[in-house]
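*Asks:* Start counting the sequence shown at 339; every next residue gets the next number (my numbering). Below you'll find the structure I mean.
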Amino acid sequence: MKTRKTRRWLGSLMVLLFMAHAVLAAEPDEKDLRGLWKFRIGDRSEWASPQYDDTDWDHIRVPARWENEGFRGYDGYAWYRTRFSLGAELENKKLTLELGYIDDVDEVFINGTKIGQTGSFSPHYTTAYNALRKYEVPPSLIRFGEENILAVRVYDSQLEGGIISGNVRIFSTGVLPPFFQDLTGTWMFNKGKAFQEQDHKPIQVPGAWENQGYNNFDGYAVYTRKIRVSEAIASQRLVLLAGRIDDADQLFINGKFIGETGDYHRRGYGESHRQLRNYFIPPHVFKAGEDNILEIRVYDWGGFGGIQEGPVGLMTQDQFRAYWKSKRRN
Numbered sequence: 339m340k341t342r343k344t345r346r347w348l349g350s351l352m353v354l355l356f357m358a359h360a361v362l363a364a365e366p367d368e369k370d371l372r373g374l375w376k377f378r379i380g381d382r383s384e385w386a387s388p389q390y391d392d393t394d395w396d397h398i399r400v401p402a403r404w405e406n407e408g409f410r411g412y413d414g415y416a417w418y419r420t421r422f423s424l425g426a427e428l429e430n431k432k433l434t435l436e437l438g439y440i441d442d443v444d445e446v447f448i449n450g451t452k453i454g455q456t457g458s459f460s461p462h463y464t465t466a467y468n469a470l471r472k473y474e475v476p477p478s479l480i481r482f483g484e485e486n487i488l489a490v491r492v493y494d495s496q497l498e499g500g501i502i503s504g505n506v507r508i509f510s511t512g513v514l515p516p517f518f519q520d521l522t523g524t525w526m527f528n529k530g531k532a533f534q535e536q537d538h539k540p541i542q543v544p545g546a547w548e549n550q551g552y553n554n555f556d557g558y559a560v561y562t563r564k565i566r567v568s569e570a571i572a573s574q575r576l577v578l579l580a581g582r583i584d585d586a587d588q589l590f591i592n593g594k595f596i597g598e599t600g601d602y603h604r605r606g607y608g609e610s611h612r613q614l615r616n617y618f619i620p621p622h623v624f625k626a627g628e629d630n631i632l633e634i635r636v637y638d639w640g641g642f643g644g645i646q647e648g649p650v651g652l653m654t655q656d657q658f659r660a661y662w663k664s665k666r667r668n
């Protein structure tokens, strides 16, 4: 009798494991990118282009140290390229590209457009060999149901090099907010409390500023971006989702103060670095048909700083309410 019960229990367990495996196998929210990629040592900007012909490039296993793939002793620049496709089931999802650990510095392009960087290249070289690479993917860059090109520029200063370990994949992190303007991507950045045009430089949002050439920097900095909106949009009540910012911040639009989160004037440590920013914007703050200046002033009092995680973008208040209702249902 005991044997029969054990067999029934084992049989039930096997059925459950099979069902769980079937569910996982059918999971559409992840694209595994491990395998053989195209690879070439050197450094040419046209290698980011989706039109570039890489048929004569070498093949390399990803992830793996390039020293173990036939390039022992090589230090310097190299590029990786691979092709991938995503199905329509991911079209309205928030997507993240994970590239594991890269030694030392990387710059990432999808269909020729830069989506992120970790570490900094010469002449202000900063290694980021121990930083996990995760980059949010603007959905506007993806051709769903078609071939896409992912290109990764890597610089290795010494010892091991390349996309060396970890998960290499594109995966969904939930429903995509219904932005009429997704603000993931390139912003301008400068240190200090105020915008300084002579000093500002491109930076990827979201992403910790320490991973983009500002290692060990704590203090005040400013992110800026120009956007245009229609009259139909400018006349509505809007919401800016500014992601998770470490530590405190203030939002200005065309020089007008909109709101703040955390203790921007550093009167004491708080927990604002854990909060997602949602800023409500009255009608007509944006000027229709003109350049509008978004300005996010950030204060970081230790550790990583900046606009670290998304989502980042603009939507109407009606869209915002519908979005959060749908999230609660799910």
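Ideal placement from N, C-alpha and C gives every residue a C-beta, glycine not left out.
Alpha carbon to alpha carbon, how far is residue 553 from residue 399? Give it in angstroms, no decimals.
*Replies:* Going by the C-alpha atoms only, they are around 30 Å apart.
*Asks:* Candidates 532, 436 and 495: which alpha carbon is nearest residue 488's?
*Replies:* It is 436 whose Cα lies nearest to the Cα of residue 488.
*Asks:* Tell me the residue span of the beta strand (DSSP E) that contains residue 480.
*Replies:* Here residue 480 belongs to no beta strand (DSSP E), and DSSP marks it neither H nor E.
*Asks:* Pull the bridge partners of residue 414 from the DSSP assignment, please.
*Replies:* In the DSSP output, where bridge partners are listed per residue, residue 414 has 494.
*Asks:* Counting only the same chain and skipping the five closest in sequence on each side, list residues whose C-beta sits under 7 Å from that of residue 612.
*Replies:* Within the same chain, residue 612 has no close Cβ partners at all.
*Asks:* State the CB to CB distance for the pair residue 646 and residue 583, rounded to an integer number of angstroms; the pair is presumed to be in contact (CB under 8 Å).
*Replies:* Between residue 583 and residue 646 the Cβ distance is about 7 Å, and since that is below 8 Å, they are a contact.
*Asks:* From residue 632 to residue 547, what distance separates their C-alpha atoms?
*Replies:* Roughly 18 Å between the two C-alpha positions.
*Asks:* Report the start-end ranges of each alpha helix (DSSP H) in the region 520-576 that is 4 residues or longer and not cut off at the edges.
*Replies:* Counting only runs of 4 or more, we get 569-572.
*Asks:* Taking the DSSP output, what are the residues bridged to residue 702?
*Replies:* Lying before the first or after the last residue shown, residue 702 is absent from the chain, which here runs from 339 to 668.
*Asks:* CB residue 481 to CB residue 560, shorter than 7 Å?
*Replies:* Their beta carbons are not under 7 Å apart, which means residue 481 does not touch residue 560 by this criterion.
*Asks:* What residue does the beta strand (DSSP E) around residue 462 start on, and which one ends it?
*Replies:* First-last for residue 462: undefined, no H or E at that position.
*Asks:* What residues match up with residue 395 in a beta bridge as DSSP calls it?
*Replies:* Note: residue 395 sits in no beta bridge, so no partner.
*Asks:* To the nearest angstrom, report how far apart residue 445 and residue 625 are at their CA atoms.
*Replies:* Cα to Cα, residue 445 sits roughly 34 Å from residue 625.
*Asks:* Does DSSP classify residue 659 as helix, strand or coil?
*Replies:* Here residue 659 sits in helix by DSSP.
*Asks:* Determine the contact status of residue 443 and residue 457, defining contact as a CB-CB distance below 7 Å.
*Replies:* Yes, Cβ-Cβ distance for residue 443 and residue 457 is below 7 Å.
*Asks:* Quick check on this structure: which residue in 571, 478, 541 and 590 has the alpha carbon closest to the alpha carbon of residue 531?
*Replies:* Comparing Cα positions, the closest option is 590.
*Asks:* Applying the criterion that 16 or more other CB atoms from any shown protein chain within 10 Å of the CB defines a buried residue, is residue 473 buried or exposed?
*Replies:* By the 10 Å Cβ count, residue 473 comes out buried.
*Asks:* Decide if residue 660 is buried, meaning its Cβ has at least 16 other Cβ atoms within 10 Å, or exposed.
*Replies:* It counts as exposed.
*Asks:* In the DSSP assignment, what residue or residues form a beta bridge with residue 434?
*Replies:* Partner(s): 474 and 509.
*Asks:* Going by the beta-carbon positions, is the gap between residue 543 and residue 653 smaller than 7 Å?
*Replies:* No, Cβ-Cβ distance for residue 543 and residue 653 is not below 7 Å.
*Asks:* So, is residue 374 buried or exposed, given that buried needs 16 or more other C-beta atoms within 10 angstroms?
*Replies:* It counts as exposed.
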